[in-house]
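In full-length UniProt numbering, the protein residues as written are 1 to 333.
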């Protein structure tokens with residue numbers, strides 16, 4: 001009995017499981033992601049002003065502080081490795097999932113505390129939005145300034161942007177063919193084998209065409225996706241009072257209303273002029289016009305009569321002169 005117990009005793013070894021085949025959908029999706037090429041999304045609008053103290057100008061138009069050129073030491077580069085995009089200042093930070101939170105915190109702290117920037121802007125797209133929000137709240141705890149209207153305050157703007165992915169056609173066709181072949185094997189294995197044999201024969205016949213057109217490449221398909229964006233403006237300065245904002249808004253509204261009123265009055269005047277003008281003049285005006293016309297006609301007739309009288313007198317004088325000349329000629333004879 002002891003031998004039986006010893007043989008039965010001991011740790012139980014489970015049977016090794018068969019490796020499960022990967023799901024076809026997961027393999028296809030992984031291949032698609034490998035062959036996908038993401039184009040860079042469009043950049044946001046470039047800032048018009050910088051918050052660096054060197055850009056602040058006095059009343060005379062001169063800079064508040066003179067910029068001193070950096071003197072690079074041996075083995076140290078004067079350009080930071082975390083440089084931003086072209087056309088954007090150093091206070092504009094593009095947050096991604098790959099950049100670490102500690103690196104971003106150190107950079108923002110050095111910009112504000114060491115270099116004197118009074119505002120920072122963060123841009124993020126899609127899955128990097130939580131990273132930008134974490135960065136914002138971590139900076140509110142890290143920076144040595146109070147949170148509020150007279151210290152640190154922030155503005156958040158959300159939007160959307162269209163991103164484009166390029167997918168090659170040859171890879172998409174091969175994946176679709178593999179899916180079709182996988183479905184056919186389960187249904188009719190004999191038919192699939194015949195089809196494969198025919199395809200192999202055709203491939204052997206067309207082997208000499210493999211190198212033809214090898215340089216040409218199919219144009220990839222483009223698929224657009226809309227992703228959400230966020231812009232966070234962190235200000236380290238006193239917040240403008242609401243009275244100023246309301247006054248500015250009121251003045252703008254008044255100017256707009258004045259413009260509208262002026263346009264409306266001009267339109268009303270034009271319309272009133274058009275409506276006041278009568279198609280037929282009044283009786284007095286008609287009589288005045290008729291009298292003017294009669295006077296003009298009488299003057300023309302008088303002028304014509306004077307011209308006729310002058311012509312008659314001239315004719316009589318000419319006839320008298322001719323008769324006198326004839327008498328003189330007769331006397332001379």
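C-beta: ideal position from N, C-alpha, C; glycine also. None of the values given here were measured: they were computed from a predicted structure.
Per DSSP, the bridge partner or partners of residue i
| i | result |
| --- | --- |
| residue 92 | 121 |
| residue 100 | In DSSP, residue 100 forms no bridge with anything. |
| residue 152 | 147 and 236 |
| residue 159 | 229 |
| residue 165 | 38 and 223 |
CA nearest to the CA of residue i, picked from the options
| i | options | result |
| --- | --- | --- |
| residue 111 | 257, 90 and 329 | 90 |
| residue 221 | 155, 101, 168 and 98 | 168 |
| residue 100 | 88, 130, 307 and 283 | 130 |
| residue 43 | 298, 114 and 122 | 122 |
| residue 85 | 260, 113 and 41 | 41 |
Contact check, residue i vs residue j, beta carbons under 8 Å
| i | j | result |
| --- | --- | --- |
| residue 230 | residue 138 | no |
| residue 368 | residue 47 | Any property of residue 368 remains undetermined from this structure, which presents the chain solely from 1 to 333. |
| residue 160 | residue 232 | no |
| residue 234 | residue 136 | yes |
| residue 166 | residue 224 | no |
| residue 140 | residue 109 | no |
| residue 39 | residue 156 | no |
| residue 238 | residue 98 | no |
| residue 236 | residue 152 | yes |
| residue 228 | residue 87 | no |
Three-state class that DSSP yields for residue i in the structure shown
| i | result |
| --- | --- |
| residue 262 | helix |
| residue 322 | helix |
| residue 130 | helix |
| residue 110 | helix |
| residue 280 | coil |
| residue 115 | coil |
| residue 139 | helix |
| residue 45 | coil |
| residue 86 | coil |
| residue 1 | Low local confidence applies: a pLDDT of 46 at residue 1 is under 50, so the model's placement there is unreliable, with the coordinate-based value given in what follows. Correct three-state label for residue 1: coil. |
| residue 291 | helix |
- Would you call the stretch 116-130 and the stretch 144-151 touching, i.e. three or more CB-CB distances under 8 Å? Contact fails: fewer than three Cβ-Cβ distances are below 8 Å.
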